[in-house]
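Heads up: the protein sequence lines correspond to chains V, G, Y and Z, in order.
Residue numbering for the first sequence follows this note's numbering, beginning at 911 and increasing consecutively.
Residue numbering for the second sequence follows this note's numbering, beginning at 911 and increasing consecutively.
Residue numbering for the third sequence follows this note's numbering, beginning at 911 and increasing consecutively.
Residue numbering for the fourth sequence follows this note's numbering, beginning at 911 and increasing consecutively.
4 protein chains.
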Amino acid sequence: MKKKDLLKFPIKHLDLTSIDGLDQLLRGFEATSFQSRNLAKSRIVLDNMEKDETATIFLGIAGAIVPGGLRKVIRDMIKTHMVDVLVSTGANLTHDFIEGMGFHHYIGSAHVDDKTLEDEKIDRIYDTYVDNAEFETVELTISKYASELEPGIYSSREFLAYLGSRLEDPNSILRAAYEEGVPIYCPALCDSAIGIGLTHLYAQGELNGQGERIFIDQIRDNYEIAQIKLKSETTGAIYVGGGVPKNYIQQLEPLLDTMGYREVDGHKYAVQITTDDPKWGGLSGCTFEEAQSWGKITKDAQMATVYVDSTIGLPLIVGAFLQSNKDFDRSRKFSWIADQLERIER
Amino acid sequence: MKKKDLLKFPIKHLDLTSIDGLDQLLRGFEATSFQSRNLAKSRIVLDNMEKDETATIFLGIAGAIVPGGLRKVIRDMIKTHMVDVLVSTGANLTHDFIEGMGFHHYIGSAHVDDKTLEDEKIDRIYDTYVDNAEFETVELTISKYASELEPGIYSSREFLAYLGSRLEDPNSILRAAYEEGVPIYCPALCDSAIGIGLTHLYAQGELNGQGERIFIDQIRDNYEIAQIKLKSETTGAIYVGGGVPKNYIQQLEPLLDTMGYREVDGHKYAVQITTDDPKWGGLSGCTFEEAQSWGKITKDAQMATVYVDSTIGLPLIVGAFLQSNKDFDRSRKFSWIADQLERIER
Amino acid sequence: MKKKDLLKFPIKHLDLTSIDGLDQLLRGFEATSFQSRNLAKSRIVLDNMEKDETATIFLGIAGAIVPGGLRKVIRDMIKTHMVDVLVSTGANLTHDFIEGMGFHHYIGSAHVDDKTLEDEKIDRIYDTYVDNAEFETVELTISKYASELEPGIYSSREFLAYLGSRLEDPNSILRAAYEEGVPIYCPALCDSAIGIGLTHLYAQGELNGQGERIFIDQIRDNYEIAQIKLKSETTGAIYVGGGVPKNYIQQLEPLLDTMGYREVDGHKYAVQITTDDPKWGGLSGCTFEEAQSWGKITKDAQMATVYVDSTIGLPLIVGAFLQSNKDFDRSRKFSWIADQLERIER
Amino acid sequence: MKKKDLLKFPIKHLDLTSIDGLDQLLRGFEATSFQSRNLAKSRIVLDNMEKDETATIFLGIAGAIVPGGLRKVIRDMIKTHMVDVLVSTGANLTHDFIEGMGFHHYIGSAHVDDKTLEDEKIDRIYDTYVDNAEFETVELTISKYASELEPGIYSSREFLAYLGSRLEDPNSILRAAYEEGVPIYCPALCDSAIGIGLTHLYAQGELNGQGERIFIDQIRDNYEIAQIKLKSETTGAIYVGGGVPKNYIQQLEPLLDTMGYREVDGHKYAVQITTDDPKWGGLSGCTFEEAQSWGKITKDAQMATVYVDSTIGLPLIVGAFLQSNKDFDRSRKFSWIADQLERIER
C-alpha cells in the first residue's frame, strides 16, 4: 500500500452541535478513532447481521447485565427477534427471575462497609444491592417450579422455557423468550441460584430416597444448539462479556466439525463488547482474528470488538440500531427455530 | 486512628542485592506497595491456609492456565495436596488431556496472520499454538473413553476421575487428581472439547436409536461439593482467574444456606489472582469484601487479591511457598475427602 | 444504616424505546449500574459545576484526544466557556496545530505492518495515521513563529496564545482559546513537536552564537495558574485522561498552601474520564477520594469518575449537557480571567 | 510458513521444584506463555542492551515508583551504570528527596476514610502514606537549596544534579546520579513538589521586586539530551510506566531528524513495563511497533513489552539480570556522558 492509499479518509472531528440522537452519534463515531470508532464498527456489523435474512443470531451474555440495568434491552432484543438464540450465565437468568417475581435490585454504593451489609442481609454487586431474603425466596420458588415438572431428562433450554412460562412479568427475559420461542441455553446452570434451587430439590429426593426426578442434560443442550447452527444458512454472534456464553457459541463450528459436518462454516458476523483483553491469553478477551485460526469465525467474516463497559456499549449500539430501524421485526425466524426444536426434541 | 498509629511501618525499599530466591523476594514485597505488596499478602494467606489442618482448600482455575505453561504447577499443588478440591473450566482439562496424550502446545506469536494459521490448521491461543488435528483426536478419544463407561448418571467428578485413570502421563493434572483422590469438578463440562467428545458420542446414540448412555449430572456435582464443604471444619479458596470456577466455589455457603444448613460459614481463607476488575460489576473481578456481604466469605476471613497475569503471579506465590516449606505434604486430607466421596456416592 | 434505608431506590432498567437523545440516555443511566451510572454522575457533577457562577473550571487533557476525533468538542467547550483554563499535553496542541495548518489525521488500522508505514513515512497513532512530512512542516512552522517573538521570558500560556493568534482555522483549540482569552498551560511543552520546533530554533542560536532568544518559563506558569486559583471563589476540574495535566491541576491547592495561602481550598467539583486505575498506585488513575487526603479536593466536593475511553465518554457527557442547556454561554468568566492574567503579567 | 515450522518449540511447563532464584524463574518463563513469556523476553532484551558496549541506555520512570518501594532498585541501576540517562516525573524525584531527608513513606491501606487522613494531615498514595508536614518541609528545603544557586539559566539536569549534591543519603536516586555523573532530566519539573518549591522562591522574588533568579530551561534540556543521543553509537530505552518520560525518550529521533540529523536512527533496544494498553490510543500504552512507524525505534530493534505492575515486573527482570551478571559494572560510560555534558554545557 502506498501513502496515497493509506491517507485517504480523514478523521472528521465529532460535532456535538449537530448530533441529537444515538444514531447520529454512532454515525459520527465512524470517522473518529479508538474505541468510539470500534463502537461504530460494532453497530455496522450488527446492522448487517440483522438485515441478513439468512442469518441465525446467537447472543451470549455474561457479567452482571441484569443488575446493570440492561434487562429490558435484552428483553427487547428477544421480543423484536434481534436474536434467535440466547446463551446466558445462570446469574443473569436468576436476576431476571428475581425481578420477574416482583423483587428489585437497588441503587447502592461500591464504597460501603460490607460487614454492615452482611448484618443487614443485603448482597452487593459492585454498586448495586439485592435483598438476600428475596434471593432465597427465588431459589425455593425455582425448586418448587422444578418439582412441578414430570421426572425426566431436560435440556437447560426446556427447563428455562418452563421457568419463563411461570412468570407473568412482560419485561422478563425468561418470559419474553418463552413467548417468542427464543431458546435460552445455560451451560453452567448449576453454577447459579437456579442451580441452588435444583440442588435443594435434589437433596430432598436424595434424603428421602425418591429416585424419580428431573435431570438437566448438558450434552443434550450441545446437541440441540448444534442442530440449530447446522440448519442455519449463516450465523452471527453477539457477545456481551465473555465467559462460558462466548465460548459456548464460539465452539459450534468445532463441535459440528468433530460430529462429522466438515462443510459447516464458522460465524459470518461477530460483535463483542468486552472489558477483558487478549493479552492475558483467556478466551473471554480473545480477538475474533484468533477465532479465525480455529475456524470458529469465517475468514471473510464481518466482525468488530469494542472495549467498553457493557452498560455503556450495549445501549449505544442497540439504541442506534433501533433508532434507524423503527418497527424492526425479525420474527419470521420464530417459527423456523421453534420448528427445529420440535423436530430435535423427539 | 491518629497519625502516630497510621505512620508506623515504613516502606522498606527492595534490595535486590540481598535477594536470591522467590521466598526472599516475596518477603521483600511485604514492605513495598501496590500489587507487589498484594502478592506478598496473597502468599501469607496461602501460607496460613495451608498450615491450618482444619481447612479444606478449593482451587478454581479459569483462563488458559495450561496453555500458559502452568500445568505442572497445578499438578504439583495436587500431588502435595496443597489443594483438596479442584474446580476447572473444561478448557484447562482439555489442554491437560492434549498433553497427556503426548501432544504439545507450541510457542507462537500474537502477531500473526490468523488466516494463514487456519490454512495450516493451527489453533492460536494468544501467543501459543495447538495443532487442530490433535485437538480433534483428543475429542474422539474422549468420546471413546466415555463409551467404555457403564450407561448411567455421573457427576463431572466421577467422569473426570475416569479420564484421569486412562492417562499415564505423570505430569497430568487429571492423572494426579485421580491418583491422589483429589476431586475435580467442571460445572460447564459441555462447554469444552470434552463436551464435544461427549456430544459426538451422544449424536451416535441419538442417530442409531440406542437409548442407554451416560449422563453428566450437574446437580449431582452441586450436591457432592456441598457435602465436602458441609463436612469441612473450615475452608479456603484459591482463585486463578474468575469465571464459573470462582463463582462455583463462592456459592457454596449460599447453597448450603438454602439447603437448610444455616450454621455453615463462608470461606475462612481466600486468595485470588486476577486481571479482571471490580468496577465492571461482574463476579470474576469482584472483591472478597463484596463476597462478605453475601456471606460467601466469613467476616473475619484472611483474604488477599493480586491483580497480575496468573502466569506471573501463581508461580511467584506457590514457588515462594514451596521454597519455605520443603517437603510439604498435606496428604492427610486425602483419605478424608475420598471417604466423604465414597459415602456421598451411594 | 438499616435495610429499609439501603434498599430505597430501585434500578430502573434502561428502556431504549423511550430514548432519543443523549440527554435522555444519560438521565436513563442515573438508575442503572456500574460505569453507565458513573457516566450519569459525571454529567450531573459537570452540570452543577457549569451552573455555579463562582466556579473557575480547569480542563486537563491527556492522551490522543485530537487524533481521537474530539478536537471540535474541546474547541466548543472553550468557545462556550464551559472551561476557563486548559492544561494540555504538548501532543494534543501539536495535533491541533497540524489540523490548523490544513493537514489531517486519517482513518487507519491498528493491525498493519508498521515497517511498511515507516517506508511510506506515515506515523501511526493506534488506528489513525498522520503524514510524517506534515509533522515536520509543523515543527519548522512553530520554530518560525517562535522566531517572530521578541527575545524574552514567556510562560507556556503566553507562547501558546501567540501560536493561537497565528492560526486562522475557526475549529482550532489554540485559535479558540486565543480568541476567547482562555489560557492554555502546557507544563511539559518541550516534550512534544512544539518543543522540537523550539529546540530547532535554540540549536540555530546555539550554533551561530546568538545569545538573545525566547525562554519558556515553567515556574512562571506555576505562578500564573496559582494566581487564577487563588483569585477564584471556587474551582472545578475536568480530567480527560491523567498524566501531567491532571497532576498539574490537582497540585494547585498544595502549591498555594506552601506559598502561604493556608486558607485556599481544593477543588469543589471534579470529574474524570479515565482508562487507568487506582490499583497501580499512579497519579493518573488515582481516585478523588485519595486526592481528598491531600487536600487537593475539598472534603465536601461533588465528584465523579467514569472508567471509559474518552472518545466515548466525553462526547456523551458534554453532548448530554449541551442538549439540555441550549445556547449555553458562560462567557462572563472571560473578562475576569483576562483581567487576572493582565495583572499577573506585570 | 508451514505447520512444521510453526509448531517447532513446545511450551515447557514451569517446574517450580527445580527453580530457586530469579534468574532460573525468568529462564523458565522463556518457554511459557502470555505475560510471563513477555517478562522473559524483556529480560533478554535488557541483557543484550546492557552487554552492547556501544549502547547509551535511557531509563524513563513514571508512576509512583519510589512510594512503590523501588527506590533502591533504581538507585542500584544508576550505581552500576545499567542506565546512562534517567528521565523522571517530578514526583519520583520528590519522593526520593523526601527519603533523602530522612523521612519515610509508610505502609497504609487503600481502603480507608480519606477524610480522616486529611484531618490527620496524611497524604495517601493508594496503599501508602506520607506525612503532609514532611512534604511541605521538602518543598521549602528545595526552595532554600535553589536560592543557593547563582541566578541564571539551568537545564533541569543541572538543577537536579545540584539537589543530588545536597543530599547525603547513599540510597538516594538523586545522590547516586550526582555521584555517578548520570544525568537526570525532568521535563515537567514544575509539575511536582520540586516545582512547588521553585514557585515558592519565584513568588518571593516577584513580590519583593528582585529580578535576578534561576530559570529552568526546558529547551536546553531538549538540546542536551539530543546531543547525548546524537553522539551515541546506538541507544536503548527502558520504560517503567509511560507518561512524559516515555514520550521524551521516544521523541529523540524525531527531534534530531528535525534538527537536520537525518542519519540518526531510533533506539535499537527497547523494553517497557506498563499497565496501560495500546487500545486507548495514548502514547503511554502504545506498542514499540507503532513507534517503528515513526522511526523512534529502528526497524530491526530488539524490543519487548510486558503488561504488569512495575513493582512486580521491574524487580523480576533487574533481579534476574543481576543474579546472572554478578559484579556487573558498566561505568566506562561514565566519563563519556560526563565529557559530553561538559562540552555541551558551554
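The C-beta atom is built at its ideal place from N, Cα and C for all residues, glycine as well.
Because the structure is a prediction, the values reported are computed rather than measured.
query: Per-residue DSSP class, three states only, for V/Tyr1036; result: coil
query: Backbone secondary structure at V/Ile921 - three-state DSSP; result: coil
query: Sub-9 Å separation of V/Val993 and V/His1015 beta-carbons; result: no
query: Contained alpha helix (DSSP H) runs [length at least 4] in the segment 1134 to 1211 of chain Y, N- to C-terminal order; result: 1153 to 1160, 1162 to 1168 and 1198 to 1204
query: Within chain Z, the residues that V/Asp1187 reaches when beta carbons sit closer than 7 Å; result: Asp1187
query: Candidates Z/Cys1096, Z/Lys1139, Z/Phe919 and Z/Ser1075: closest to Z/Ala1087 by CA position; result: Z/Ser1075
query: C-beta contact flag for Z/Thr1145 and Z/Ala972 at 9 Å; result: no
query: Close beta carbons around G/Ser1066, own chain, < 6 Å, minus the five adjacent residues each side; result: Tyr1095, Cys1096, Leu1099, Ile1126 and Asp1131
query: Touch test, the segment 934 to 946 of chain G against the segment 1178 to 1189 of chain G, Cβ-Cβ under 8 Å, three pairs minimum; result: no
query: Cβ pair Z/Val983, G/Leu924 closer than 9 Å; result: yes
query: Among V/Gly938, V/Gly1151 and V/Gly1170, the one whose alpha carbon lies nearest that of V/Thr1197; result: V/Gly1151
query: CA-to-CA distance, V/Ile1063 to V/Ala1147, given in whole angstroms; result: 28 Å
query: Euclidean distance between Cα positions of V/Ser1220 and Z/Ile988; result: 45 Å
query: Coarse secondary structure for Z/Ala974, derived from DSSP in three states; result: coil
query: Buried or exposed (CB count within 10 angstroms, at least 16 for buried), Z/Arg1256; result: Because Z/Arg1256 carries a pLDDT of 45, less than 50, the predicted location of this residue cannot be relied on, and no value is offered for it.
query: Strand pairing of Z/Val997, partner residues [DSSP]; result: Z/Gly970 and Z/Tyr1095
query: Limits of the unbroken alpha helix (DSSP H) element including G/Ile984; result: Arg981 to Lys989
query: CB contact below 9 Å: Z/Ser1203 versus chain Y; result: yes
query: Buried/exposed call for Y/Met911, threshold 16 Cβ in 10 Å; result: exposed
query: Bounding residues of the beta strand (DSSP E) (the contiguous stretch that carries Z/Gly1062); result: Gly1062 to Tyr1064
query: Rounded separation between V/Leu969 and V/Val997 - CA only; result: 6 Å
query: V/Ile954 - containing beta strand (DSSP E), residue span; result: It is not in any beta strand (DSSP E) - V/Ile954 instead sits in the alpha helix (DSSP H) that spans Phe944 to Lys961.
query: Pairwise C-alpha distance: V/Leu926 and Y/Glu1092; result: One point to set straight first is that residue 1092 of chain Y is Val, not Glu, in the sequence displayed. Roughly 21 Å separates the two Cα atoms.
query: Cutoff 9 Å: G/Tyr1217 Cβ touching any chain Y Cβ; result: yes
query: Rounded Cβ spacing between V/Thr1038 and V/Ile1008 (contact assumed at less than 8 Å); result: So it is not a contact: roughly 12 Å between Cβ atoms.
query: Chain Y within 9 Å of Z/Asp1024, Cβ atoms only; result: yes
query: Test: Y/Glu1199 CB closer than 9 Å to a CB of chain V; result: yes
query: Neighbour-count burial assignment, Y/Gln934, 16 or more Cβ in a 10 Å radius; result: buried
query: Spatially closest choice to V/Tyr1112 from G/Val1218, G/Glu1049 and G/Glu1134, by CA coordinates; result: G/Glu1134
query: Chain V within 9 Å of Z/Ile921, Cβ atoms only; result: no
query: Counted within 10 angstroms of its Cβ, other Cβ atoms place Y/His1021 as buried (16 or more) or exposed; result: exposed
query: Any C-beta of chain G under 9 Å from that of V/Thr1221; result: yes
query: Contacts that Z/Ile1126 makes with chain Y (C-beta to C-beta distance below 7 Å); result: Gln1128 and Ile1129
query: Close-in-space but distant-in-sequence residues of the same chain around V/Lys951 (CB under 6 Å, 5 per side omitted); result: Ala1214
query: Reference Z/Asp962, options Z/Leu1165, Z/Asn948 and Z/His1177, closest by Cα; result: Z/His1177
query: Beta-ladder partner(s) of G/Met1011, from DSSP; result: Its beta-bridge partners do not exist; DSSP assigns none.
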